[in-house]
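All remarks here apply to the structure that follows.
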Amino acid sequence: MDWAWNPCTGCKHGCDYCWAKKMADRYKRSFEPAFHPDRLDQPFNTKKPGVVFVCNTGDIFSPGTRKAWREKIKAAADRAPWHTYLWLTKNPQYDDSWVRPNWWLGATITGPEDAWKREVMEGENIWYSFEPLFGFVEDEHLYDAKQVVIGRATNYKSGWAEAWALNVSLYYLSQNVPILSK
Ligand code: SF4
Numbered sequence: 513m514d515w516a517w518n519p520c521t522g523c524k525h526g527c528d529y530c531w532a533k534k535m536a537d538r539y540k541r542s543f544e545p546a547f548h549p550d551r552l553d554q555p556f557n558t559k560k561p562g563v564v565f566v567c568n569t570g571d572i573f574s575p576g577t578r579k580a581w582r583e584k585i586k587a588a589a590d591r592a593p594w595h596t597y598l599w600l601t602k603n604p605q606y607d608d609s610w611v612r613p614n615w616w617l618g619a620t621i622t623g624p625e626d627a628w629k630r631e632v633m634e635g636e637n638i639w640y641s642f643e644p645l646f647g648f649v650e651d652e653h654l655y656d657a658k659q660v661v662i663g664r665a666t667n668y669k670s671g672w673a674e675a676w677a678l679n680v681s682l683y684y685l686s687q688n689v690p691i692l693s694k
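Residue numbers are given in the numbering used here: position 120 of the sequence shown equals residue 632, and the series is strictly consecutive.
If you want it as C-alpha cells, here you go:
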C-alpha cells in the first residue's frame, strides 16, 4: 500500500479490537459513518500511480453508510484508473459493478462463521484479510484468492492461536498465493 484514501470514515460494526475506533476516541472524533466529498478528488490529483487502500478508518459497507456514497467513491476511483485500489470490508456486498482490472476486492475473515463471504465476492482480484483470527478455519472454508493477509490485531492479544494462522498460511502456501504476514 502506498497511501490510504478515506472519502468515507467511521463504522458501526463495533469490533472491540478496532484500531480506527481507538484513534477516533483518542482524538475525540466521531466514529459514526460519514462521507467526505471534499476528499473525492485525491486520487485524481495524485498523478503518480500508487496502491491505494480505500477507507482504512471505517467500513464502506457498515450500517449507516449509503449506496450513494459508494457510487460517488467508485466514480472517483474510475476517474483515476492509473492507481490500484484495495477495498476491504467486514460485510462484503460487492457485485459485478465493482469489478475492475485495477480493483482488488477484499473481505475480512476472522473465523469459520465468515464462510458466507465467499458467495458475495466477485471478479478475479479477490483478497482476504485474516486479521485478527478468532478461530480455526477449516480448509473447506478457505477460498481462492490472489493474495491474503494474516496477522494479529494491533494490541489485541486474546483469542490468538498460532495454530490458526499456521493452518491458513500452509493452505495458501500450497496454493501459491502470496501471503503478507503482519
Ligand atoms: S469493521 Fe473495521 S472499521 Fe468497523 S469496527 Fe470493525 S475493525 Fe473497525
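Every residue gets a Cβ at the ideal spot worked out from N, C-alpha and C, and that includes glycine.
Quick caveat, the model's predicted, so the values are computed rather than measured.
Three-state class that DSSP yields for residue i in the structure shown
{"i": "Ala-592", "result": "coil"}
{"i": "Gln-554", "result": "helix"}
{"i": "Val-689", "result": "coil"}
{"i": "Leu-682", "result": "helix"}
Short CB-CB distance (under 7 angstroms) between residue i and chain B
{"i": "Ala-675", "result": "Looking at the structure shown, chain B is missing, and only one protein chain is on hand."}
Same chain, Cβ closer than 7 angstroms to residue i, five either side skipped, listed in chain order
{"i": "Gly-623", "result": "Leu-645, Phe-646, Gly-647 and Val-649"}
{"i": "Arg-491", "result": "Shown here, the chain extends from 513 to 694; a query on residue 491 therefore has no answer."}
Delimiting residues of the beta strand (DSSP E) encompassing residue i
{"i": "Val-661", "result": "659-662"}
{"i": "Phe-565", "result": "563-566"}
{"i": "Tyr-640", "result": "638-642"}
{"i": "Ala-516", "result": "515-517"}
{"i": "Thr-620", "result": "615-620"}
CA-to-CA distance, residue j to residue i, given in whole angstroms
{"i": "Ile-621", "j": "Asp-553", "result": "31 angstroms"}
{"i": "Val-563", "j": "Ile-585", "result": "16 angstroms"}
{"i": "Ala-536", "j": "Ala-592", "result": "29 angstroms"}
{"i": "His-525", "j": "His-653", "result": "22 angstroms"}
{"i": "Ala-675", "j": "Leu-682", "result": "10 angstroms"}
{"i": "Pro-613", "j": "Gly-635", "result": "9 angstroms"}
{"i": "Tyr-684", "j": "Met-513", "result": "21 angstroms"}
{"i": "Trp-531", "j": "Leu-678", "result": "24 angstroms"}
{"i": "Asn-603", "j": "Met-633", "result": "11 angstroms"}
{"i": "Gln-605", "j": "Tyr-539", "result": "30 angstroms"}
{"i": "Tyr-655", "j": "Gly-663", "result": "17 angstroms"}
{"i": "Asp-590", "j": "Trp-610", "result": "11 angstroms"}
{"i": "Ser-574", "j": "Ala-546", "result": "10 angstroms"}
Residues near residue i in its chain [Cβ-Cβ closer than 6 angstroms; skip 5 each side]
{"i": "Arg-551", "result": "Pro-519"}
{"i": "Leu-598", "result": "Phe-565 and Trp-616"}
{"i": "Ala-657", "result": "Ile-638, Trp-639, Tyr-640 and Val-689"}
Continuous alpha helix (DSSP H) stretch holding residue i: start and end
{"i": "Ala-532", "result": "531-538"}
Distance between beta carbons of residue j and residue i, contact taken as under 8 angstroms
{"i": "Val-660", "j": "Lys-694", "result": "Actually they do not touch by this definition, with Cβ atoms about 11 angstroms apart."}
{"i": "Cys-523", "j": "Gly-570", "result": "5 angstroms"}
{"i": "Pro-549", "j": "His-595", "result": "Actually they are not in contact, since the Cβ atoms of Pro-549 and His-595 sit about 19 angstroms apart, beyond 8 angstroms."}
{"i": "Ala-619", "j": "Asn-568", "result": "Rounded, the Cβ-Cβ distance is 15 angstroms, inconsistent with contact."}
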